[in-house]
Structure formats: structure tokens, C-alpha cells
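Colleague:
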Amino acid sequence: MNPDLSTIPGWVFVLAAVLAVVQITLDVIALVDLYRRPTERVTLANKWIWVAIILLVNTLGAICYLAIGRRPAAVADTPAAPAASIDDVGDALYGPRPGADDR
């Protein structure tokens, strides 16, 4: 049983190629994010479970990881730094201007 590929419309091949690229891209993005993320910031606290879900559940596994598998970083309770003026930023980057008066 050899199907004749010439009877399949061309748009079907284009659609299959686009879906394959989307799936591979999502898998790579999810796996790279999982690799870089600390274990304490991963739901279920086990990266191997997420690797299996991402690889075995195809596109939905990567989408599930990106949607619910990541925990946000804890927000630090440090006060914000005071706003600096443009002159302060310029002095910090390039040093004080020659001939500038003391402020």
C-alpha cells in the first residue's frame, strides 16, 4: 500500500511544515527555559517531570509548561533608589564636566 503523494494538495504540505516548525520552536523554548530556571522556581519542583511532559505531549506539553510550570521570582522588599537627575547620570558615566561648578 503505497499512497500517491501527488494527489495531496500542496497547501497540506505547507501546513504540515509550518506546524512542525511551531512545535519544534515551542519545545526548544520550553526546554531552554526549563534548563536555565532554578528548581525552586519550577512547579512540582522536579525538572525531569517537565522534560517528559514537554517531549511526550508534543505541542501541548510545551504550552502547559510555559503557562503553568514556571513560578515567578520572589519580589525583594528593598526600597527603590532615589531618582537621579540627567546631570548625575552623565557625571556617573563620563565623569564631571571640566569647568563645572560644584553642585
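Residues 224 to 326, numbered by the working numbering, are exactly what the sequence shown covers, in order.
The beta-carbon is built from N, C-alpha and C at its ideal position, and this holds for glycine as well.
Just so it is clear, the structure is predicted and the values come from calculations on it, not from any experiment.
1) From 252, 230, 243 and 264, pick the residue whose C-alpha is nearest to that of residue 298; which is it?
2) Should residue 253 and residue 289 be called a contact, given that it needs their Cβ atoms to be closer than 9 Å?
3) DSSP on residue 245, reduced to helix/strand/coil?
4) How would you call residue 268, buried or exposed, if buried means at least 16 neighbouring beta carbons within 10 angstroms?
5) When burial is assigned at 16 or more other CB atoms within 10 Å of the CB, is residue 332 buried or exposed?
6) Kindly list the residues whose CB is nearer than 6 Å to the CB of residue 285, restricted to its own chain and excluding five residues on each side of it in sequence; keep chain order.
7) On the three-state DSSP scale, how would you describe residue 298?
8) Would you say residue 270 and residue 282 are within 9 Å of each other, going by their C-beta atoms?
9) Output the boundary residues of the alpha helix (DSSP H) element that contains residue 269.
10) Is it buried or exposed, residue 234, if we count other Cβ atoms within 10 angstroms and call 16 or more buried?
Modeller: Here's the rundown:
1) Position 75 of the sequence shown, counted from the start, is the residue given in the question as residue 298. Cα-wise, what sits closest to residue 298 is 264.
2) Your numbering for residue 253 matches position 30 in the sequence shown. Your numbering for residue 289 matches position 66 in the sequence shown. Yes, these two residues count as a Cβ contact at 9 Å.
3) Position 22 of the sequence shown, counted from the start, is the residue given in the question as residue 245. Helix, per DSSP.
4) Numbered from 1 along the sequence shown, position 45 holds the residue referred to as residue 268. It is exposed - the Cβ of residue 268 has fewer than 16 other Cβ atoms within 10 Å.
5) Residue 332 falls outside the range modelled here, since the chain spans only 224 to 326, and no answer is possible.
6) By 1-based counting over the sequence shown, the position of residue 285 is 62. The residues are 249, 250, 253 and 277.
7) Against the sequence shown, residue 298 aligns to sequence position 75. Residue 298: coil per DSSP, three-state reduction.
8) Working through the sequence shown from its first residue, we reach residue 270 at position 47. Working through the sequence shown from its first residue, we reach residue 282 at position 59. The Cβ atoms of residue 270 and residue 282 do not sit closer than 9 Å to each other.
9) Counting from one through the sequence shown, the residue named residue 269 turns up at place 46. The continuous stretches of alpha helix (DSSP H) do not include residue 269, and DSSP gives it neither H nor E.
10) As a position in the sequence shown, residue 234 is number 11, starting the count at 1. Counting Cβ neighbours within 10 Å, residue 234 comes out exposed, since fewer than 16 surround it.
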